[in-house]
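With the numbering used here as the guide, the letters of the sequence shown map in order to residues 182 to 560.
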Amino acid sequence: MSKKIYDKANSIIELRGVGKKREEIVDRLTSMMEDPIVRKDEIINNALQDLAGGGITNNDNGEKFYLRDHVVEEMSRLKPKDYLRYIRYRYSYDMLPSGHKTAEYPPLVQIEPTSICNYRCVFCYQIDSRLSNKKNGHMGVMSLDLFKKIIDQLEGKVEGVTLASRGEPTVNKQLPEFLNYMSGKFLASKINTNAYLLDEKMSHAILQADLQTLVFSADAASEPLYSKLRVNGNLDRVVKNVENFHRIKETQYPNSKLITRVSGVRFNDQQEMGGMEDFWSKYVDQVAFVDYNPWENVYDADKKGVTQPCSDLWRRMFIWWDGKVAPCDVDYLTKLSNETILDKSISKIWNGKMYQELRANHLSGKRNGVEPCSRCVVV
Ligand code: SF4
Numbered sequence: 182m183s184k185k186i187y188d189k190a191n192s193i194i195e196l197r198g199v200g201k202k203r204e205e206i207v208d209r210l211t212s213m214m215e216d217p218i219v220r221k222d223e224i225i226n227n228a229l230q231d232l233a234g235g236g237i238t239n240n241d242n243g244e245k246f247y248l249r250d251h252v253v254e255e256m257s258r259l260k261p262k263d264y265l266r267y268i269r270y271r272y273s274y275d276m277l278p279s280g281h282k283t284a285e286y287p288p289l290v291q292i293e294p295t296s297i298c299n300y301r302c303v304f305c306y307q308i309d310s311r312l313s314n315k316k317n318g319h320m321g322v323m324s325l326d327l328f329k330k331i332i333d334q335l336e337g338k339v340e341g342v343t344l345a346s347r348g349e350p351t352v353n354k355q356l357p358e359f360l361n362y363m364s365g366k367f368l369a370s371k372i373n374t375n376a377y378l379l380d381e382k383m384s385h386a387i388l389q390a391d392l393q394t395l396v397f398s399a400d401a402a403s404e405p406l407y408s409k410l411r412v413n414g415n416l417d418r419v420v421k422n423v424e425n426f427h428r429i430k431e432t433q434y435p436n437s438k439l440i441t442r443v444s445g446v447r448f449n450d451q452q453e454m455g456g457m458e459d460f461w462s463k464y465v466d467q468v469a470f471v472d473y474n475p476w477e478n479v480y481d482a483d484k485k486g487v488t489q490p491c492s493d494l495w496r497r498m499f500i501w502w503d504g505k506v507a508p509c510d511v512d513y514l515t516k517l518s519n520e521t522i523l524d525k526s527i528s529k530i531w532n533g534k535m536y537q538e539l540r541a542n543h544l545s546g547k548r549n550g551v552e553p554c555s556r557c558v559v560v
């Protein structure tokens with residue numbers, strides 16, 4: 182299966198279970214337009230002007246900022262006092278990439294608690310032994326000490342923090358301590374898991390951590406499709422864990438603001454939303470499919486000839502378990518970067534030579550001379 186582009190801004194292709202408070206939230210936001218904080222802050226000011234339906238945009242191609250359905254749901258769980266802080270993050274995440282603008286910090290940072298995964302999904306780079314064979318040095322688990330150093334740099338500067346990248350976060354036994362350390366520090370925090378190792382201790386740690394979103398990665402609602410896609414997985418065990426998590430959340434954390442979502446990669450025609458929603462919506466708030474990005478063999482794939490710049494260069498930074506920094510997880514063997522946060526700050530790397538050169542190459546039409554960007558379809 183191959184396709185022309187993977188549009189990161191619209192990677193959620195189907196989503197069920199989102200709230201309907203859009204008007205209320207937009208009204209509240211636009212009523213703050215005269216607030217001195219809004220007037221002084223260019224990003225928030227631009228966001229509210231766009232939402233109000235007129236006014237300038239920070240974007241060269243004239244796109245306007247709007248609240249996507251899942252963003253409305255996220256905002257509906259926030260206290261109104263946090264709206265402006267959140268909207269600053271969300272505008273940066275959605276609009277700075279398309280305007281090719283950077284701020285001092287990336288809008289979102291993805292941290293991998295580990296690069297190890299207990300699954301070998303057919304659409305994932307874990308099937309590439311250059312990554313997953315322990316002898317090659319890419320496999321490992323982040324220390325709590327390093328995690329704290331990263332969080333200390335991000336607190337107050339970045340709102341979007343996702344725990345997940347190349348590996349399965351729950352493989353790291355110290356994940357409860359990670360979650361405890363970051364609790365209450367970010368408005369858009371998220372963790373992804375395949376739920377295979379989601380036991381009671383991990384469930385309580387997640388529910389106590391003031392996270393905004395928990396994503397269960399599952400692409401099917403029945404066997405044998407689940408195991409065909411999620412190799413090494415076990416649907417019965419995953420369902421039991423998700424069900425238990427739901428029960429704990431409902432009975433012991435009735436005021437939890439956590440959004441739970443089952444999210445599948447739309448990989449083949451047998452996967453359909455109706456069955457997914459019927460099956461999973463008993464246990465979670467949302468059910469989604471995300472687009473398939475053919476990244477599992479990017480280094481060996483044909484050149485794709487995509488000329489648009491990659492939005493991840495303005496949207497996200499990835500920090501691996503050992504402190505190495507990568508501009509994306511398509512480059513899972515880290516060919517694009519020699520940077521590590523052991524040597525430099527996150528802000529210095531984001532605005533430093535590696536990112537600047539990559540952005541310049543993409544903007545000047547030289548993406549096809551950069552590996553593996555030339556073989557990648559992310560825009
Ligand atoms: S490989 Fe290049 S084009 Fe693909 S996601 Fe990474 S930075 Fe973007």
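All C-beta atoms in this analysis are idealised placements derived from N, C-alpha and C, irrespective of residue type, glycine included. None of the values given here were measured: they were computed from a predicted structure.
Residue i, buried or exposed, once every other Cβ within 10 Å from all chains shown has been counted against 16
i           : result
residue 553 : buried
residue 510 : buried
residue 182 : Only weak support exists for where residue 182 lies, its pLDDT of 41 falling under 50; the value from the coordinates is given anyway. With fewer than 16 other Cβ atoms within 10 Å, it is exposed.
residue 432 : exposed
residue 413 : exposed
residue 268 : buried
residue 520 : buried
residue 435 : exposed
residue 296 : buried
residue 496 : buried
residue 341 : buried
residue 365 : exposed
Residue i vs residue j beta-carbon contact at 8 Å
i           : j           : result
residue 197 : residue 467 : yes
residue 326 : residue 477 : no
residue 264 : residue 209 : yes
residue 400 : residue 465 : no
residue 356 : residue 386 : yes
residue 206 : residue 257 : yes
residue 229 : residue 213 : yes
residue 359 : residue 344 : yes
residue 396 : residue 444 : yes
residue 471 : residue 192 : yes
Closer than 7 Å: residue i CB and nearest the ligand SF4 heavy atom
i           : result
residue 553 : yes
residue 508 : yes
residue 557 : yes
residue 517 : yes
residue 494 : yes
residue 468 : no
residue 512 : yes
residue 298 : no
residue 302 : no
residue 305 : no
Assigned secondary structure, residue i (DSSP; H/G/I helix, E/B strand, else coil)
i           : result
residue 396 : strand
residue 308 : helix
residue 351 : helix
residue 336 : coil
residue 389 : coil
residue 561 : There is no way to answer for residue 561, as the model of the chain reaches only from 182 to 560.
residue 504 : coil
residue 522 : coil
residue 442 : strand
residue 246 : coil
Min CB distance residue i to chain C below 8 Å
i           : result
residue 329 : In the displayed structure, chain C is absent; only one protein chain is listed.
Is it true that the stretch 358-375 meets the stretch 386-398, where meeting means three or more beta-carbon pairs spaced less than 8 Å apart?
Verdict: yes, contact present.
Just checking, does the stretch 418-438 make contact with the stretch 306-321 on the three C-beta pairs under 8 Å criterion?
No, because fewer than three Cβ pairs between the stretch 418-438 and the stretch 306-321 fall closer than 8 Å, the two stretches do not touch.
Would the stretch 261-277 and the stretch 314-322 be scored as touching if the rule is three or more Cβ pairs under 8 Å?
Contact between the stretch 261-277 and the stretch 314-322 is absent, with fewer than three C-beta pairs closer than 8 Å.
Should the stretch 345-362 be called in touch with the stretch 402-409, which here means at least 3 C-beta pairs below 8 Å?
Of all C-beta pairs linking the stretch 345-362 to the stretch 402-409, fewer than three are shorter than 8 Å, placing the two stretches out of contact.
Can at least three beta-carbon pairs, one atom from the stretch 283-292 and one from the stretch 529-537, be found at a separation below 8 Å?
With a cut-off of 8 Å, the stretch 529-537 and the stretch 283-292 count as touching, because enough Cβ pairs lie within range.
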